[in-house]
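Asks:
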Amino acid sequence: MASANQENDRPQNIRAIMTFLREHAPFSSMDDSHLAHFAENASIQFYADGDVVLSPDHDVVKRFYVVKQGRIRGERHNDKEDRTETTFEISQGECFPLAAMIGERPTRTLHRASGDTFCLSIGQAAFVTLFSESEPFRDFCLRGVSSLLDQVNRRIQSNAMASMGSSTSLDTPLERYALRNPIVCSPDLPVRKAVARMHENNVGSIIITDENRIPTGIFTLRDLRTMIAEGTGPLDTPIQQVMTKDPCCLPSHADAFEAAMLMAEHHFAHLCVIDDDHKLIGVVSERDLFSLQRVDLVNLARTIGTATHLRTLVSLRTDVSRLVDAMLAHGADSGQVVKIITTLNDVTVRRVLELNIKKNDPGIPFTWLTFGSEGRQEQTLLTDQDNGILFETPEGMTEDQVREKLLPFARKVNDELAECGFTLCKGNIMASNPKLCLSDREWDDWFIRFIDASTPQNLVYSSIFLDMRAIYGPTEPLDALLDKVLARIRKNALFQKMLAGNAFQRKPPLTMFRNFRYLSEEGNKHSLDLKRQGLAPFVEAVRVFALANGVETANTLERMDELAKKGIFDPKDANAWQEAYSLIQAIRMRAHQEMLAKGEELTNYIDPDDLNPLDRRILRESFRQAQRLQQKLEVTYQL
Amino acid sequence: MLEQIKQWIEHRRGGKIGSHDTGNLPNPKTPGEQLLTDCRLIVLDLETTGLNAAKDEVIAIGAVAIRGGIIHLGDQFDLILRRPELDIRETVLIHGIGPEALTQGHEIEDALLYLLEWMNGDPILAYHSAFDQKFLEKTLKAQLGYTQPHTWMDVADLMPAFFPNTKTGGKGLDNWADYFGLEVSERHHAASDALATAELTLIALNKARTEGVKTLKGLYDKLHYHRRLQNMHRY
Chain A
1 MASANQENDR PQNIRAIMTF LREHAPFSSM DDSHLAHFAE NASIQFYADG DVVLSPDHDV
61 VKRFYVVKQG RIRGERHNDK EDRTETTFEI SQGECFPLAA MIGERPTRTL HRASGDTFCL
121 SIGQAAFVTL FSESEPFRDF CLRGVSSLLD QVNRRIQSNA MASMGSSTSL DTPLERYALR
181 NPIVCSPDLP VRKAVARMHE NNVGSIIITD ENRIPTGIFT LRDLRTMIAE GTGPLDTPIQ
241 QVMTKDPCCL PSHADAFEAA MLMAEHHFAH LCVIDDDHKL IGVVSERDLF SLQRVDLVNL
301 ARTIGTATHL RTLVSLRTDV SRLVDAMLAH GADSGQVVKI ITTLNDVTVR RVLELNIKKN
361 DPGIPFTWLT FGSEGRQEQT LLTDQDNGIL FETPEGMTED QVREKLLPFA RKVNDELAEC
421 GFTLCKGNIM ASNPKLCLSD REWDDWFIRF IDASTPQNLV YSSIFLDMRA IYGPTEPLDA
481 LLDKVLARIR KNALFQKMLA GNAFQRKPPL TMFRNFRYLS EEGNKHSLDL KRQGLAPFVE
541 AVRVFALANG VETANTLERM DELAKKGIFD PKDANAWQEA YSLIQAIRMR AHQEMLAKGE
601 ELTNYIDPDD LNPLDRRILR ESFRQAQRLQ QKLEVTYQL
Chain B
640 MLEQIKQWIE HRRGGKIGSH DTGNLPNPKT PGEQLLTDCR LIVLDLETTG LNAAKDEVIA
700 IGAVAIRGGI IHLGDQFDLI LRRPELDIRE TVLIHGIGPE ALTQGHEIED ALLYLLEWMN
760 GDPILAYHSA FDQKFLEKTL KAQLGYTQPH TWMDVADLMP AFFPNTKTGG KGLDNWADYF
820 GLEVSERHHA ASDALATAEL TLIALNKART EGVKTLKGLY DKLHYHRRLQ NMHRY
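Those protein sequences? They're chains A and B, same order as listed. Just so we're aligned, residue 1 is where the first sequence starts under the working numbering, counting upward by one. Just so we're aligned, residue 640 is where the second sequence starts under the working numbering, counting upward by one.
1) When Cβ atoms are compared, which residues of the segment 789–800 of chain B fall closer than 7 Å to chain A?
2) Quick one: does residue 16 (chain A) have its CB under 8 Å from some CB of chain B?
3) Can you list, in chain order, the residues of its chain whose CB lies under 7 Å from that of residue 723 (chain B), leaving out five sequence neighbours each side?
4) Using a cut-off of 9 Å between C-beta atoms, extract the partners of residue 703 (chain B) located in chain C.
5) In its own chain, which residues sit with a C-beta less than 7 Å from the C-beta of residue 259 (chain A), not counting the 5 before and 5 after it?
6) Have a look at residue 79 (chain A) and residue 85 (chain A) and give me their C-alpha separation to the nearest angstrom.
7) Residues of chain B with CB closer than 7 Å to the CB of residue 41 (chain A), please, in chain order.
8) Three-state secondary structure (DSSP) at residue 66 (chain A)?
9) If the criterion is Cβ atoms closer than 8 Å, does the pair residue 141 (chain A) and residue 131 (chain A) meet it?
10) Alpha carbons only, please: which of A:548, A:530 and A:122 is nearest the one belonging to residue 603 (chain A)?
11) To the nearest angstrom, report how far apart residue 621 (chain A) and residue 95 (chain A) are at their CA atoms.
12) By the 7 Å beta-carbon criterion, what residues does the segment 112–136 of chain A contribute toward chain B?
13) Would residue 830 (chain B) pass as an interface residue toward chain A - the criterion being a Cβ-Cβ separation below 8 Å?
14) Taking DSSP's pairing of strands, which residues face residue 702 (chain B) in a bridge?
15) Would a C-beta distance cut-off of 8 Å place residue 117 (chain A) and residue 71 (chain A) closer than the cut-off?
16) Can residue 791 (chain B) and residue 747 (chain B) be called in contact, C-beta distance under 8 Å?
17) In chain order, what residues of the same chain lie with their CB nearer than 6 Å to the CB of residue 188 (chain A), ignoring the 5 residues before and after it?
18) Is there contact between the segment 579–588 of chain A and the segment 616–630 of chain A, where contact requires at least three CB pairs shorter than 8 Å?
19) Taking residue 819 (chain B) as the query, report the chain A residues whose CB atoms sit under 7 Å from its CB, ordered along the chain.
20) Given residue 24 (chain A), which residues of its chain have a CB within under 8 Å of its CB, disregarding the five upstream and five downstream residues?
21) Alpha carbon to alpha carbon, how far is residue 439 (chain A) from residue 399 (chain A)? Give it in angstroms, no decimals.
22) Report the rounded CA-to-CA distance for residue 265 (chain A) versus residue 255 (chain A), giving the unit in angstroms.
23) Are the segment 490–507 of chain A and the segment 544–556 of chain A in contact at 8 Å, needing three or more beta carbon pairs?
24) Go through its chain and collect everything with a Cβ distance to residue 306 (chain A)'s Cβ below 7 Å, but skip five positions before and after it.
25) Quick one: Cα of residue 728 (chain B) to Cα of residue 682 (chain B), how far?
26) Using only CA atoms, which one of A:565, A:608 and A:108 lies nearest to residue 588 (chain A)?
27) According to a CB-to-CB cut-off of less than 9 Å, which residues of the segment 61–80 of chain A neighbour chain B?
28) Mind pulling the chain B residues with CB within less than 8 Å of residue 48 (chain A)?
29) Would residue 47 (chain A) be called buried (16 or more neighbouring beta carbons within 10 Å of its own) or exposed?
30) Considering only C-alpha positions, which residue in the set A:469, A:110, A:35 and A:89 is nearest to residue 52 (chain A)?
31) Hey, could you find the ends of the beta strand (DSSP E) residue 424 (chain A) is sitting in?
32) Roughly how many whole angstroms lie between the Cα atoms of residue 573 (chain A) and residue 510 (chain A)?
33) Less than 8 Å between CB atoms is the rule here; does residue 619 (chain B) satisfy it with respect to chain A?
34) Give the residues of chain A in contact with residue 771 (chain B), contact being defined as C-beta atoms less than 9 Å apart.
35) Could you name each continuous alpha helix (DSSP H) segment of 4 residues or more that falls completely within the segment 804–864 of chain B, going from the start of the chain to the end?
36) Which of the three DSSP states, helix, strand or coil, is assigned to residue 141 (chain A)?
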């Protein structure tokens, strides 16, 4: 009752300002008394379109602003290109300047009103009071928008966690998991004694180290089982003859996620943790990482990788979806989750190929290629097949003769993958298509035509064929092919420009007023396509820069890393773009998980009105980052 | 200032605020060479029991101050008067101030003295100011015998003076507020209407600056010129 009275006793205008603030982060998490303090000390100022609000030429920043109505844009002069760039936009409910206010310095960016704009602001004294008394406010000021991103991620986690009941995070450094003082022995110790030592200590593995405590091998209970079952030697064999040599090692600052990925990829259950001098510090087992989880990645990967029937593979697909839930719950970010999905998809594809080779070996070595999102290692649960075959024509055979043998095999594999949930490609970009089952020479010709005689149709395919990866068979033929393709693209400025022009067509879904631009398709009005409108602008623009600058990896986030390293992207820009891209991906994946839970068909459409204000704001900001990336494309290629 | 108002409401609701120097009330200022960038303006709105200044009475006063072209929320006035004897049946649905609020309102003489001190003789702006001026002057005279004339300016004139030929669809506060996309938190609440009027004033002051109007007198003259133009068109 007391607080209700207090609320009523506040003057109407103070209450109104508090109501306004409450709708926006970080104020939405702040106490009423702090909001009242803000409102009572606030000023309202008006700026007409184009008025300067803050300038680097002004003195030290003394006020902290919130946009009440209208917009503020940040301008910075790009000396290299001699033009003014809009570096950010601040809309209703958002605050500025953070860094300059905390750093007690002038702003480095010109803040200008964009349209008629009202701002609320408080002076330094009120700012300091709130900063010291309100934790959400302090957190926001110190970490800026990234603290909001954390809120989003935390919510994704807590949603997924509801079904998991665990709180371990995959970002936890490995040393926290690692068993200290692991059981070790020298290479000449007989197996019997080594096993006795494992038994005494109740562990499942022993690490074999040299005199410098550098791990040289690992011996596990599984190895013991194989040794006895296959009768490879007596129990007094020196352990170095039966150990697994060169065990997988990770530095102690690597995180649990990296360990889990490495284990899933190689089907290992144990990893050595080493220091900077490669000396052994500890051992991490799969059970250490996933002791609290019901679904485990390594086991799932292993089960897929050793399944003996197609129907087992089909049934395991539901576990993959459960695992995605678990991963989100354990704090994996969207980049991590798409990699996990891709890894498990790779294992599935490999197993389908292996099972088919066992049944009906076409007798010709080949490399199984994958294109598009799987090529980029960016698959989500909604995925279709984009694959092809690369072969070396054996002596005495023609290419058509090879195809005669490979195509029926590929058709079977495509069909079986479809049963596993990889939808058949509507555009027939599949290995069973004779045009995509080619020898190294034919592929090379194919790319020459693709690059030198680029037609609009070709350009549509660029998003598929220029993101390519080998997932089965020898990788050398593909590496050789890629080298040639990349070299050709680097030399062909016209092709680059056409690619850039094509990427530029993919406009992020924002109107010039910074509202969402909806699809105009029938049946999907008032919705956004997160893949085509949200992610594609990043993927396409980054691909152009990557190909033009000899970046070999196909993964969009990794391409951005490489481009930053090469100085093509400003590291801060690259970081902002990576964050924006990951967030769109995260929102898309969360939508998929929700559709799956409701038993709906998976789509990439969302209605922004279904999102909470924070997600909406972040989505909008992410799209704006895509616009900035496209601006760079525009300037670089003079589109 | 705001702390003081809050203290009244919390501890002395309706009670007397104490010592007013009634013999030494501030003198109204005349519009001279004061710079708009540092003078103080009062933006005021009254709620009344009706539209007829001869028989209706003031029941609530809301006002904000603009200093140097900025609204300072710590410098505002928001009071309901204690006038339980008034008949509010005709207007209660508009301003939402019921008999109970009027019983618990602030003691009238004290509130008016405080208002005069708070306004400090600064020029008063209001939307359709003739209405507010008539009511306020009548009330000040009746309750305190105070008759000094403040400088009044009408924001309903100020807007078309600086934004001529603007298609607002009407001359009301709502028309201009809608045109500039302002959100009025609670229409027909004195303080809330005063804030909306003050926000429009900020827009006009911004335009005045770009047109080279620098002083209070300049603003006042511009307003009168606009008035005369309007009158000429009328006849």
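Ideal Cβ placement from N, Cα and C applies to all residues, glycine included.
Replies: Let me lay it out:
1) none
2) yes
3) 738, 741 and 742
4) This model lacks chain C altogether, as its protein chains are A and B.
5) 174, 250, 271, 284 and 289
6) 10 Å
7) 713
8) strand
9) yes
10) A:530
11) 14 Å
12) 116 and 118
13) yes
14) B:683 and B:716
15) yes
16) no
17) 238
18) yes
19) 116
20) 66, 92, 93, 94 and 613
21) 7 Å
22) 16 Å
23) yes
24) none
25) 28 Å
26) A:608
27) 68, 69 and 70
28) 842, 845, 846 and 849
29) buried
30) A:110
31) First-last for residue 424 (chain A): undefined, no H or E at that position.
32) 20 Å
33) Absent from the model: residue 619 (chain B). The displayed extent of chain B is 640 to 874, so no value can be given.
34) Near residue 771 (chain B) there are no residues of chain A at all, since even the closest Cβ is about 17 Å away, more than 9 Å.
35) 812–818 and 829–849
36) helix
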